[in-house]
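If you read the sequences in order, they're chains S and C.
Taking numbering that gives the first Met the number 0, the leading residue of the first sequence gets 0, the next gets one more, and so forth.
Taking numbering that gives the first Met the number 0, the leading residue of the second sequence gets 0, the next gets one more, and so forth.
Only one structure is covered here, and it is reproduced in the block below.
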Amino acid sequence: MIGTLLDRFRGLKSFPRGIHPPHRKKLSEPRPIELFIPKGPLQVPMVQHLGAGCTPIVKPKQEVQYGEKIGDVEAFVSAPIHASVAGTTGAGIVAVLPSGRRVPAITLTPAAEGALPVGFLEQFLDRNWDGVEPTSFSPEAVVQGMRDQGIVGMGGATFPTHVKLKRDPNRPVDTVVLNGCECEPYLTADHRLMLESPEAIVVGLYLAMHAVGAKRAIIAIENNKPDAIEAMRRAALGRPGFEVAVCATSYPMGGERQLVWAVLGRTVPSAPKGLPLDVGVVMINCATAHCIARAVVRGMPLTHRVVTVTGRGVARPGNYLVPTGTLFSELIDHCGGLTDEVLKVVAGGPMMGPTVPHLNVPVVKGTSGITCMVDAETAHWVETPCIRCGKCVDNCPLHLSPTKIAHAVKFRDYAMANQYDMMACCECGCCAYVCPANIPLAQYIKAGKNQQRLMAAQNKK
Amino acid sequence: MSDAEIPPLPEATPAAKPVPESRSEFLVTSAPHLAAGVSTRRVMFEVVLAMVPLFVFAVYMHHARAVVLTAATLAGCLLTEVLANAIRGRSQASLSDGSAVVTGVILAFSLPPSLPPYMAFIGGVVAIALAKAVFGGLGQNLFNPAMVGRAFLMVCFPAAMVTWAVPVPLQEIGVDATTMATPLYAAARNEAIPAMSDLFVGTVGGSLGETSALLALIGGLYLVMRRIADWRQPLGVLAAVAIFAAIAHRVNPAEYEGPLFHLSSGALMFGAFFIATDYVGAPITPRGRLIFGFGVGVLVMVIRVFGAYPEGVMFAILIMNALTPLIERWTTPVPFGGHVAAA
Ligand code: SF4
Ligand code: SF4
């Protein structure tokens with residue numbers, strides 16, 4: 000509360016509660032985006048989004064061009080998959096996603112030459128978007144473009160963007176918030192993208208605004224990225240309705256409920272039902288906005304994304320433009336390999352990212368980073384008794400009582416856990432981060448939520 | 000680990016280690032993978048650290064007695080903890096969390112300096128055995144163990160618990176007696192009370208480690224600033240006492256002392272910052288802690304002004320401990336965005 004007031008006083012957008020973990024972004028922050036062309040074979044999963052999985056529309060041993068559609072499905076909530084390199088398809092296999100989910104995938108061996116169009120990196124980071132008039136596209140065309148090019152939320156949720164940005168006359172949207180907070184420690188992919196290709200992000204944001212019929216766009220960036228703030232400010236100059244909101248560096252600033260409150264003062268109703276849409280807001284990640292511009296204006300499919308490879312467990316941290324389907328092992332090899340002390344490999348950042356058991360895991364549309372952590376930089380959950388210090392309650396950004404929920408889950412009392420609104424938890428991990436008794440609170444709560452979903456699904460049957 | 004400790008990046012090198020395939024090569028855990036690293040032991044250590052100036056002052060005031068008494072309660076607490084762990088077949092890990100040490104020191108500080116050490120020892124045993132171990136150990140107890148220990152001694156040794164030795168420095172400047180009334184006793188009997196400055200600094204008769212409001216305030220502010228103690232309980236206590244005392248003083252200045260006297264005397268400042276902030280007995284909700292503190296302050300004043308005892312911190316804490324579960328239920332925060340809608 001006091002912290003929020005201080006932030007306000009300093010002109011920063013902020014939200015009450017939350018934590019301040021070490022940033023550790025210096026490892027990869029200064030490294031410009033570098034294109035990585037794997038030798039393969041790639042494992043391109045047919046499910047890289049929330050919703051219905053795609054069916055392969057190519058045969059094994061078939062030559063495919065870069066960007067050719069290789070998987071699609073009829074369902075509305077879905078996104079097609081495109082060949083992320085030119086090459087030859089292999090057998091259908093089962094790939095393990097970074098989340099641990101097993102899904103069908105196509106193997107793809109990149110062509111020895113011409114796997115990617117010439118000048119791919121320059122095209123990707125193209126800064127010349129002059130003369131592009133987003134309003135010359137109809138909202139329907141924008142949404143169709145996103146669907147055709149397989150755009151999904153790249154912040155991690157991977158919700159198909161054409162669904163999110165479809166106009167709904169019953170739920171008007173007045174503001175689109177661009178999430179450039181990147182509040183997860185270590186990760187710098189969004190930061191680099193904002194520095195190296197801010198114009199495309201602004202165009203993408205404009206297209207999103209146009210699609211939903213919003214009049215206002217807010218670009219939200221934490222104040223630990225002054226160069227990105229500057230770059231985005233410049234890129235957005237002269238666009239009507241655009242503003243840049245400088246946010247306090249506080250975790251989880253990039254959470255949709257926190258950010259919407261910080262920049263607009265609106266309270267999004269609790270999960271699992273509540274959405275920013277309920278208060279007239281749509282939030283998109285800056286990597287997503289970048290892809291929207293490329294998809295709608297240039298017709299480029301979502302085949303690549305910027306991935307931060309970082310942590311003290313990898314020899315050469317950096318930010319890499321990687322085709323989806325690239326195996327972690329190959330990318331990490333390219334980064335000089337793992338060091339001997341590596342303990343965990345996390346897909347994403349250390350606050351919310353799942354660990355992978357091995358490196359035979361493909362990069363997918365939602366993979367923002369690979370954090371290779373050594374023993375000294377990770378937490379060790381040696382649970383001791385709760386001392387009722389209340390720190391978990393004080394720091395939960397959603398005002399829950401984590402110790403109550405976690406202990407209810409521990410004793411399998413799900414009714415009690417629900418009494419304390421377990422399903423509203425966003426799994427940010429603040430509670431576990433602060434707990435002096437070292438109780439993996441967020442981990443318990445996550446397990447409880449999964450159990451609850453399972454039970455709900457069983458009851459339906 | 001701070002950012003500064005991360006070594007500079009090596010230049011591009013060949014793979015340091017062949018990249019493993021398909022095996023579960025790495026530790027698999029659920030997120031988050033970072034923690035603030037402030038452990039229970041660290042918290043307890045900080046609390047003890049904040050009490051060191053008070054201990055030094057106690058030694059200055061009561062010389063060897065301060066050391067002997069503190070050693071006696073500590074021995075009582077720690078031995079009982081060991082025994083309780085052994086009986087319940089638990090590891091002795093709980094010894095190293097430091098919570099028994101904090102209990103022992105707080106108990107020692109709340110005792111009359113002239114108390115025979117064996118009584119202090121018994122107090123320590125009772126604090127851990129009756130108030131903590133029987134409830135299931137750290138975090139399970141309803142009442143503050145140190146205050147339970149003290150209450151037990153009050154009941155068993157009522158005379159010894161209200162005999163106040165004259166501090167050594169006061170003897171040296173010629174207070175010609177072996178015992179004296181504490182400022183609160185004096186005030187209750189409408190006798191002369193010491194100068195405000197003495198009261199605030201703590202060079203008056205009273206409990207072993209609680210007389211110096213100044214040092215308790217310094218140690219307490221340190222804990223609040225380090226975010227070890229919450230500011231809500233101390234604020235609640237101090238505000239309630241100040242308001243209550245101001246009103247009482249306004250109504251009858253001859254009978255009741257003003258807010259400054261009440262804030263600086265007895266165990267008030269120490270209690271506000273070190274006892275009311277004890278995690279276990281206070282609500283886990285932020286609003287609850289404010290209410291808890293305010294309740295303690297009001298009860299202290301009710302006891303001081305209307306009660307038979309001149310000092311009320313101990314009873315106030317114990318009563319509010321009993322109310323904690325109730326307060327917690329009332330003040331459970333509503334989730335940001337409202338309760339989860341029914342499915
Ligand atoms: S309870 Fe959930 S929302 Fe609250 S701090 Fe823990 S993980 Fe975050
Ligand atoms: S932070 Fe940990 S020790 Fe403190 S109340 Fe929550 S669960 Fe208990």
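Idealized CB from N, CA, C, for every residue including glycine.
Quiz item: So the beta strand (DSSP E) C76 (chain C) belongs to, where does it begin and stop?
Solution: Careful: C76 (chain C) lies outside any beta strand (DSSP E), inside the alpha helix (DSSP H) at A63 to I86.
Practice problem: Go ahead and pull the three-state DSSP assignment for P6 (chain C). | Solution: Residue placement at P6 (chain C) is poorly supported in this model, since its pLDDT is 45, which falls under 50; the coordinates are not used for a value here.
Quiz item: How would you list, in chain order, the residues of chain C whose beta-carbon sits under 7 Å from the beta-carbon of K445 (chain S)?
Solution: S29
Quiz item: Can you list, in chain order, the stretches of the alpha helix (DSSP H) that have 4 or more residues and sit fully within the stretch 227-312 of chain S?
Solution: 255-263 and 285-297
Quiz prompt | Limits of the unbroken beta strand (DSSP E) element including A219 (chain S) | solution = R215 to E221
Practice problem: At 8 Å on the CB atoms, spell out the chain C contacts of A94 (chain S), in chain order. | Solution: Near A94 (chain S) there are no residues of chain C at all, since even the closest Cβ is about 12 Å away, more than 8 Å.
Exercise. Spell out whether any CB of chain C is found under 7 Å from the CB atom of A407 (chain S).
Key: no
Practice problem: Using a cut-off of 7 Å between C-beta atoms, extract the partners of P384 (chain S) located in chain C. | Solution: G136, L137 and G138
Quiz prompt | Closer than 7 Å at the beta carbon, the chain C residues around D125 (chain S) | solution = Chain C residues near D125 (chain S): none, gap ~27 Å exceeds 7 Å.
Quiz item: Going straight from the alpha carbon of A245 (chain C) to that of A407 (chain S), what length do you get?
Solution: 45 Å
Self-check item: Cβ separation of P361 (chain S) and Q42 (chain S), assumed to be a contact under 8 Å, to the nearest whole Å
Solution: 4 Å
Quiz item: Quick one: does D71 (chain S) have its CB under 7 Å from some CB of chain C?
Solution: no
Quiz item: Sorry if obvious, but does the Cβ on P401 (chain S) come closer than 6 Å to a heavy atom of ligand 1?
Solution: yes
Practice problem: Note down, in chain order, every chain C residue with its Cβ under 8 Å from the Cβ of S269 (chain S). | Solution: P334, F335, G336, G337, H338, V339 and A340
Quiz item: Name the chain S residues whose beta carbon is nearer than 7 Å to that of S38 (chain C)?
Solution: P435 and N437
Quiz item: How about S263 (chain C) and F199 (chain C): are their beta carbons less than 7 Å apart?
Solution: yes
Self-check item: Classification of N127 (chain S) by the beta-carbon crowding that lies within 10 angstroms, buried from 16 upward
Solution: exposed
Quiz prompt | Residue environment, T323 (chain S), which counts as buried when at least 16 other CB atoms sit within 10 Å | solution = buried
Quiz prompt | Environment of P439 (chain S) [buried if 16+ CB atoms lie within 10 Å] | solution = buried
Quiz prompt | Q232 (chain C) versus P300 (chain S) - alpha carbon distance | solution = 58 Å
Quiz item: How about I302 (chain C) and G311 (chain C): are their beta carbons less than 7 Å apart?
Solution: yes
Self-check item: Contacts around G270 (chain C), its chain only, beta-carbon distance under 6 Å, and the 5 residues preceding and following it disregarded
Solution: V312
Practice problem: Output the distance between the C-alpha atoms of L204 (chain S) and K68 (chain S), rounded to the nearest integer angstrom. | Solution: 25 Å
Exercise. Taking V100 (chain C) as the query, report the chain S residues whose CB atoms sit under 7 Å from its CB, ordered along the chain.
Key: The contacting residues do not exist; V100 (chain C) stays about 14 Å from chain S at best.
Quiz item: Leaving out the 5 sequence neighbours to the left and right, which residues in its chain are closer than 8 Å to I18 (chain S) when beta-carbon positions are compared?
Solution: S249, Y250, N394, C429, Y432 and V433
Self-check item: Short Cβ contact (7 Å threshold) for T187 (chain S) with K25 (chain S)
Solution: no
Quiz item: Would the beta-carbon of G135 (chain C) be found less than 6 Å away from any heavy atom of ligand 2?
Solution: no
Quiz item: When the cut-off is 7 Å and only beta carbons count, does Y278 (chain C) lie next to chain S?
Solution: yes
Practice problem: Could you tell me whether the stretch 346-358 of chain S touches the stretch 279-289 of chain S, using the rule of 3 or more Cβ pairs below 8 Å? | Solution: no
Quiz item: Taking the alpha-carbon positions, what's the P133 (chain S) to I217 (chain S) distance?
Solution: 17 Å
Exercise. Please confirm if K272 (chain S) has its CB atom under 7 Å from at least one CB of chain C.
Key: yes
Exercise. Note down the Cα distance separating E209 (chain C) from A238 (chain C), rounded to an integer number of angstroms.
Key: 19 Å
Exercise. Give a yes or no on whether the C-beta atoms belonging to S137 (chain S) and T331 (chain C) are separated by under 7 Å.
Key: no
Quiz item: Rounded to whole angstroms, how far is the Cβ of C53 (chain S) from the Cβ of S77 (chain S), which I believe are closer than 8 Å?
Solution: 7 Å
Quiz item: Can you name the residues of chain C whose CB is closer than 7 Å to the CB of R387 (chain S)?
Solution: G138, Y278, V279 and I283
Quiz item: Got a sec: does ligand 1 put a non-hydrogen atom nearer than 6 Å to the Cβ of L258 (chain S)?
Solution: no
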